[in-house]
Each structure stands twice: as C-alpha cells, then as structure tokens.
Amino acid sequence: MKKVFFLLSIIFAVSLVNVSCFEDLFGRDDEEVSAPTSSQLPGYDFSFTCPGGTKSTVPIPAGTAKCQKAYEYFAKVYGCNEADYFNAANCKMCNDCGIANYCTVCK
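Under mature numbering (1 follows the signal peptide of the UniProt record, and there is no 0), the residues of the sequence shown are numbered -19 to -1, 1 to 88, in order.
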C-alpha cells in the first residue's frame, strides 16, 4: 500500500510541473525559433488612451513595421475592451504577423 501511495504521489508531483520548465530544460522546438531578419525593428513600449480615459502601456515585441502595427491595434482593442473589433484585431495578428492561433475567426 505504501508503494502505491508513493507512486501516486510521484505521478501527482510530476503532473504539477509546468510546461515552461520543460522548455527551460530542453530548449524551444525548432518550429518556434525564428531567425531575426534585417527588416525586423526593435521592440518598444506602446502607450494608448481608451475612450473612457484609461491610459495603458504595453510592450510591443521586435518585428516588422506591419506586424508591430497589428500588435498596437490588438493591444488597444483588447486593452479598451472594444468587443466589436476583437475579430478584426485577431485577423490583423493572423495576416500581418503570421500567428496561426489568431486565424480561426478570419474569413
């Protein structure tokens, strides 16, 4: 009985390990690694003001000018909770940055 409890404890402990720990130990997948290109611009902080007057600043990662504009639009739309434009913001991320996770709502 003690062996079963010990085994279950080990399985439970292993299941609590975050996936990011595995990335730290084993590195990133090849498909996740992108080589920097000469057209990439450095990242920066983007500040915006919502219609209600709330001001926010978010980091924009390095990328092409078109992709960085998509990140700005996405940050403003979601940061200001402009729900009517969520799909448009997702499609800009899909089309301008090539991030497939955002393509599910695009036509």
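Every residue, glycine too, gets a C-beta built ideally from N, C-alpha and C.
None of the values given here were measured: they were computed from a predicted structure.
Query, Result
"For P40, which residues does DSSP report across the bridge?", "D26"
"Label M(-19) either buried or exposed according to how many other C-beta atoms from any shown protein chain fall within 10 Å of its C-beta, with 16 as the threshold for buried.", "exposed"
"Span of the alpha helix (DSSP H) holding C75?", "67 to 78"
"If we call anything under 7 Å between Cβ atoms a contact, is K73 one with A51?", "yes"
"Taking DSSP as the reference, what is the three-state secondary structure of G60?", "helix"
"In whole angstroms, what separates the C-alpha of C78 from that of E53?", "12 Å"
"Which of the three DSSP states, helix, strand or coil, is assigned to K47?", "helix"
"Is it right to say C48 is buried, meaning 16 or more other beta carbons lie within 10 angstroms of its own, or is it exposed?", "buried"
"Once DSSP output is grouped into helix, strand and coil, what is the label at T85?", "helix"
"Whose CA, out of C84, V58, L22, D26, lies closest to the CA of T45?", "L22"
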